[in-house]
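Engineer: Numbered per our numbering, the sequence shown spans residues 93 to 686. Can you keep this structure in mind? I'll have questions shortly.
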Amino acid sequence: MKISDYAVKNYQFTLVIFLMVIALGVTTILNMPRSEDPELHAPQFPIVVVYPGTSPKDMEELIAEPLEREISELEDLKRINTTISDGVVVIFVEYTYESDVDEKYSELVREVNALRSELPANIASLEVRKFTPSDVNIIQIALVSESASREVLKKYAENLQDQLEQIKQLKKVDIHGLPDPVVRVDLRLDKMAQARIPLDAVVGSLQSEIANIPGGNLNAGTKSFNIKTSGNYRTTNEVRQTIVYSANGRNITLGDIADVYSSFEDEAHITRLNGYRSVFITAAQKSGENITKTQKVYTPVIEKFKSSLPANIDLVHHFDQANNVNKRLGGLGVDFAIAILLVAITLLPLGQRAAIIVMISIPLSLAIGIVLMNAMGYSLNQLSIVGLVVALGLLVDDSIVVVENIERWLREGHSRLEATLKATQQIGIAVIGCTATLIIAFLPLVFLPEGAGEFIRSLPMGVITSVLASMVVSLTIIPFLSSRLLKETHGHPDGNLFMRGLKKLIHGSYARLLDKALDKPWWTVGVAVLISVGSRQLFPVIGVSLFPASEKPQFLVEITTPLQSNLDYTDSVTRQVETELAQREEVQYYATNV
């Protein structure tokens with residue numbers, strides 16, 4: 093073949109390309125994006141409307157139905173799912189998967205905003221949300237303490253949050269399990285009655301002030317009033333000094349008739365780690381980043397912060413997605429080493445030099461395959477790594493065929509150059525055909541539709557790019573190396589000691605079985621059909637699924653209590669599950685969210 097002739101005759105150019113490919117492959121492996129799962133870009137958007145105090149029936153009539161009518165007129169719409177509860181409507185809008193995500197999001201926001209004037213004016217919030225694949229948290233850290241106050245936990249949690257937000261590879265650094273701070277006002281009704289101050293005057297004075305602090309509750313006897321604020325109060329004392337009424341030339345401040353103090357909202361989200369009170373800090377990774385490199389940046393920050401904590405607060409880094417990714421890459425490295433070792437053993441009949449040449453094709457083909465994957469926008473994730481592992485068993489096929497054929501021509505007395513050129517030309521079409529067959533076998537996975545196809549596509553692409561690379565290597569680099577490294581003379585026409593032993597073994601076993609199979613073709617076909625049909629009966633035993641069960645050493649326990657169950661009841665049920673988990677030695681961490 094011309095490409096093989098060119099690679100052999102222009103060996104200086106081939107050598108330079110060979111070294112460049114190795115350097116490019118190593119650089120790509122070290123720098124290409126890494127994540128646990130492939131990124132999906134599904135055109136699906138939830139619309140969340142909050143209207144406190146409204147019944148589900150009113151939410152349906154006033155909000156859900158007008159929005160659904162407007163949205164249903166949009167193009168490329170696949171389905172609309174609506175969930176309605178007290179004061180909340182969630183409308184999940186899904187477009188056909190081929191739709192442009194950004195375009196459809198902008199279109200949906202435009203339509204919802206156009207309808208805003210027709211909805212109730214006092215809606216608390218109306219939001220069209222857009223989720224990106226990189227929004228998934230890659231780390232979760234717990235600040236654990238049974239004795240530290242909320243104020244202290246808040247201080248340290250926000251400190252860690254600030255430090256993690258300074259890492260450019262991270263985003264969405266959030267704190268969970270810590271109620272928002274509020275200002276509480278407990279009115280003293282006896283003093284209000286003495287000064288003849290109406291309750292409406294106090295509420296109106298607070299709401300008319302400009303406040304930069306979180307709102308809170310105003311408690312008057314058995315009643316509680318929500319206060320919304322939006323301005324520049326900076327301290328609780330400033331709230332206390334607010335003038336709420338004037339009588340007889342005297343200004344009466346809020347502090348004169350009420351107790352004003354900083355507090356936290358009523359607990360609505362409980363978090364624990366291994367049964368102990370805690371606050372969780374989570375962070376996601378920006379799109380296109382290398383999670384292994386990101387881990388090297390945030391780990392020192394977390395360790396340094398842990399050393400600064402007081403004795404009654406412990407930091408536990410109980411979830412780190414980078415560990416799963418690194419474990420899979422480590423598994424690929426082990427498989428890579430095993431593949432090279434097996435090739436060395438398998439090719440002993442061809443000689444040490446032939447084995448070395450074929451072994452070189454493994455890392456070279458993988459390097460080219462990874463470069464091609466990176467160029468096409470794929471990352472190193474659990475599925476692409478599986479594809480590369482599958483490809484390890486296919487990479488050496490072409491190279492073995494080419495090297496063995498060159499060795500055969502050498503044993504017939506041809507020179508290295510002549511044997512290389514003629515052997516490669518003779519086998520070239522067969523190598524291309526074999527590669528095409530392998531690629532066709534994986535093409536159906538490439539063309540799977542919608543989310544399942546996009547999720548799994550990096551697996552077949554890992555195989556296809558690596559197999560294509562192995563074909564190119566077997567027709568260029570392998571002939572070049574063979575023309576330079578293989579011996580021209582052989583001591584025995586039937587090969588070395590290993591080759592002669594292998595031929596003897598084949599003629600003594602496989603050759604006899606093959607002769608019998610050819611003598612009785614109908615029996616042979618019958619046995620093959622019987623085995624094929626019999627193997628189908630194993631499907632119910634083995635089971636069938638698109639994706640295998642997760643290999644992660646973690647699982648999710650979801651507890652659903654009856655409707656109208658309060659937080660305390662749900663928490664008590666959760667503690668029963670925690671008690672069971674605590675008794676199992678194999679469970680290292682269990683994080684609870686109630």
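Heads up, the beta-carbon is just placed ideally off N, CA and C, and yes, glycines get one too. All values reported here derive from a predicted model rather than from experimental measurement.
Can you tell which of 423, 570 and 461 has its C-alpha closest to the C-alpha of residue 496?
Structural biologist: As a working mapping, residue 496 is identified with position 404 in the sequence shown. When only C-alpha atoms are compared, the closest one is 570.
Engineer: Are residue 332 and residue 345 touching if we call contact CB-CB under 8 angstroms?
Structural biologist: Within the sequence shown, residue 332 is the residue found at index 240, counting from 1. Within the sequence shown, residue 345 is the residue found at index 253, counting from 1. Cβ distance < 8 angstroms, so residue 332 and residue 345 count as in contact.
Engineer: Going by DSSP, which residues form a beta bridge with residue 732?
Structural biologist: Here the chain covers residues 93 to 686 and nothing more, so residue 732 does not appear.
Engineer: Express the C-alpha separation of residue 211 and residue 679 in angstroms, rounding to a whole number.
Structural biologist: The sequence position of residue 679 within the sequence shown is 587, counting from 1. The sequence position of residue 211 within the sequence shown is 119, counting from 1. Between residue 679 and residue 211, the C-alpha separation is close to 50 angstroms.
Engineer: Nearest by alpha-carbon distance to residue 190: which of 133, 198 and 180 is it?
Structural biologist: Taking the sequence shown and counting its residues from 1, the one referred to as residue 190 is at position 98. Per the Cα distances, 133.
Engineer: Which residues does DSSP list as the beta-bridge partners of residue 194?
Structural biologist: Stepping through the sequence shown from its first residue, residue 194 is reached at position 102. Per DSSP, none; premise fails for residue 194.
Engineer: Looking only at C-alpha atoms, which of 271, 228, 243 and 373 sits nearest to residue 379?
Structural biologist: The residue labelled residue 379 in the question sits at position 287 within the sequence shown. Checked all of 271, 228, 243 and 373; the closest Cα to residue 379 is 228.
Engineer: From the DSSP secondary-structure annotation, give me the bridge partner or partners of residue 227.
Structural biologist: As a working note, residue 227 is residue 135 in the sequence shown. None, per the DSSP bridge assignment.
Engineer: Should residue 353 go down as buried or exposed, given a rule of 16 or more other Cβ atoms within 10 Å for buried?
Structural biologist: Here residue 353 refers to the residue found at position 261 of the sequence shown. Residue 353 comes out exposed.
Engineer: Out of 418, 452 and 686, point me to the one whose CA is closest to residue 433's CA.
Structural biologist: Position 341 of the sequence shown, counting from 1, holds the residue named residue 433. The shortest Cα separation from residue 433 among 418, 452 and 686 belongs to 452.
Engineer: On a CA-only basis, which of 238, 485 and 232 is nearest residue 262? Give me that one, please.
Structural biologist: Walking along the sequence shown from the start, residue 262 turns up at place 170. Out of 238, 485 and 232, 232 has the C-alpha closest to the C-alpha of residue 262.
Engineer: Taking contact to mean at least 3 C-beta pairs separated by less than 8 angstroms, is the region 389-401 in contact with the region 248-257?
Structural biologist: In short, these stretches touch, since the Cβ pair count reaches three.
Engineer: Within the chosen definition, does the region 607-621 reach the region 644-651 through at least 3 CB pairs nearer than 8 angstroms?
Structural biologist: Segments in contact, no.
Engineer: Residue 494 and residue 234 - do their beta-carbons sit closer together than 8 angstroms?
Structural biologist: Taking the sequence shown and counting its residues from 1, the one referred to as residue 234 is at position 142. Taking the sequence shown and counting its residues from 1, the one referred to as residue 494 is at position 402. Not a contact, by the Cβ cut-off of 8 angstroms.
Engineer: To the nearest angstrom, how far is the alpha carbon of residue 307 from that of residue 248?
Structural biologist: Your numbering for residue 307 matches position 215 in the sequence shown. Your numbering for residue 248 matches position 156 in the sequence shown. Residue placement at residue 307 is poorly supported in this model, since its pLDDT is 47, which falls under 50; the coordinates still yield a value, given next. Taking the straight line joining both Cα atoms gives about 23 angstroms.
Engineer: Just curious, the beta strand (DSSP E) that residue 394 is in, first and last residue?
Structural biologist: The residue labelled residue 394 in the question sits at position 302 within the sequence shown. Looking at the DSSP string, residue 394 is not in any beta strand (DSSP E); the run it does join, the alpha helix (DSSP H), is 383-399.
Engineer: As a quick exercise: from 351, 516, 683 and 217, pick the residue whose alpha carbon is nearest that of residue 282.
Structural biologist: Along the sequence shown, read from residue 1 onward, the residue named residue 282 stands at position 190. Nearest option by C-alpha distance: 351.
Engineer: Looking only at its chain, what residues have a beta carbon closer than 7 angstroms to the beta carbon of residue 431, apart from the 5 residues adjacent to it on each side?
Structural biologist: Looking up residue 431 in the sequence shown gives position 339. 454 and 484.
Engineer: Name, in chain order, the residues that DSSP records as bridge partners for residue 263.
Structural biologist: Residue 263 sits at position 171 when you count from the first residue of the sequence shown. DSSP output for residue 263 lists 376 as bridge partner(s).
Engineer: Going residue by residue through the region 595-674, where are the continuous alpha helix (DSSP H) segments of at least 4 residues, counting only ones entirely within it?
Structural biologist: For the region 595-674, whole alpha helix (DSSP H) runs of length 4 or above, ordered along the chain, are 602-611, 613-628, 631-634 and 659-674.
Engineer: Report the rounded CA-to-CA distance for residue 183 versus residue 219, giving the unit in angstroms.
Structural biologist: In the sequence shown, residue 183 corresponds to position 91, counting from 1. In the sequence shown, residue 219 corresponds to position 127, counting from 1. About 10 angstroms.
Engineer: Apart from the five residues just before and just after residue 427, which ones in its own chain have a Cβ nearer than 7 angstroms to its Cβ?
Structural biologist: On the sequence shown, position 335 is the one that residue 427 refers to. Here the set comprises 481 and 484.
Engineer: Rounded to the nearest angstrom, what separates residue 429 and residue 674 at their Cα positions?
Structural biologist: The residue given as residue 429 occupies position 337 in the sequence shown. The residue given as residue 674 occupies position 582 in the sequence shown. Near 39 angstroms, if we compare the C-alpha coordinates of residue 674 and residue 429.
Engineer: Report the CB separation of residue 498 from residue 522 in whole angstroms; it is logged as a contact under 8 angstroms.
Structural biologist: Mapped onto the sequence shown, residue 498 falls at position 406. Mapped onto the sequence shown, residue 522 falls at position 430. Not a contact, Cβ separation roughly 14 angstroms.
Engineer: In whole angstroms, what separates the C-alpha of residue 536 from that of residue 150?
Structural biologist: Along the sequence shown, read from residue 1 onward, the residue named residue 536 stands at position 444. Along the sequence shown, read from residue 1 onward, the residue named residue 150 stands at position 58. Spanning the two alpha carbons is a distance of roughly 49 angstroms.
Engineer: Give the range of the alpha helix (DSSP H) segment to which residue 95 is assigned.
Structural biologist: The residue you call residue 95 lines up with position 3 of the sequence shown. 94-101 is the span of the alpha helix (DSSP H), which, as asked, contains residue 95.
Engineer: Distance, Cα to Cα, residue 312 vs residue 159?
Structural biologist: Taking the sequence shown and counting its residues from 1, the one referred to as residue 312 is at position 220. Taking the sequence shown and counting its residues from 1, the one referred to as residue 159 is at position 67. Its pLDDT being 49, under 50, residue 312 is placed unreliably by the model, and nothing is read from it.
Engineer: Assuming residue 356 and residue 242 form a contact by the criterion Cβ under 8 angstroms, report the distance between their Cβ atoms to the nearest whole angstrom.
Structural biologist: For this step, residue 356 is matched to residue 264 along the sequence shown. For this step, residue 242 is matched to residue 150 along the sequence shown. Yes, they are in contact, since the Cβ atoms of residue 356 and residue 242 sit about 6 angstroms apart, within 8 angstroms.
Engineer: Please state the DSSP three-state secondary structure of residue 342.
Structural biologist: What you label residue 342 is simply residue 250 of the sequence shown in a count that begins at 1. Residue 342: strand per DSSP, three-state reduction.
Engineer: Looking at the structure shown, is residue 185 part of a helix, part of a strand, or coil, going by DSSP?
Structural biologist: The residue labelled residue 185 in the question sits at position 93 within the sequence shown. Three-state DSSP puts residue 185 in a strand.
Engineer: By alpha-carbon positions, which one of 174, 214 and 222 ends up nearest to residue 194?
Structural biologist: Numbered from 1 along the sequence shown, position 102 holds the residue referred to as residue 194. Ranking 174, 214 and 222 by Cα distance to residue 194 puts 222 first.
Engineer: Compute the Euclidean distance between the alpha carbons of residue 470 and residue 661, then round it to the nearest angstrom.
Structural biologist: Locating residue 470 in the sequence shown gives position 378, counting from the first residue. Locating residue 661 in the sequence shown gives position 569, counting from the first residue. Near 47 angstroms, if we compare the C-alpha coordinates of residue 661 and residue 470.
Engineer: On a Cα-Cα basis, can you pick out the residue from 126, 509 and 566 that is closest to residue 415?
Structural biologist: On the sequence shown, position 323 is the one that residue 415 refers to. Checking every option, the nearest Cα to that of residue 415 belongs to 126.
Engineer: Considering only residues of the same chain and omitting the five flanking positions on each side of residue 616, which have a CB-CB separation below 6 angstroms?
Structural biologist: Indexing the sequence shown from 1 puts residue 616 at position 524. So the qualifying residues of the chain are 609.
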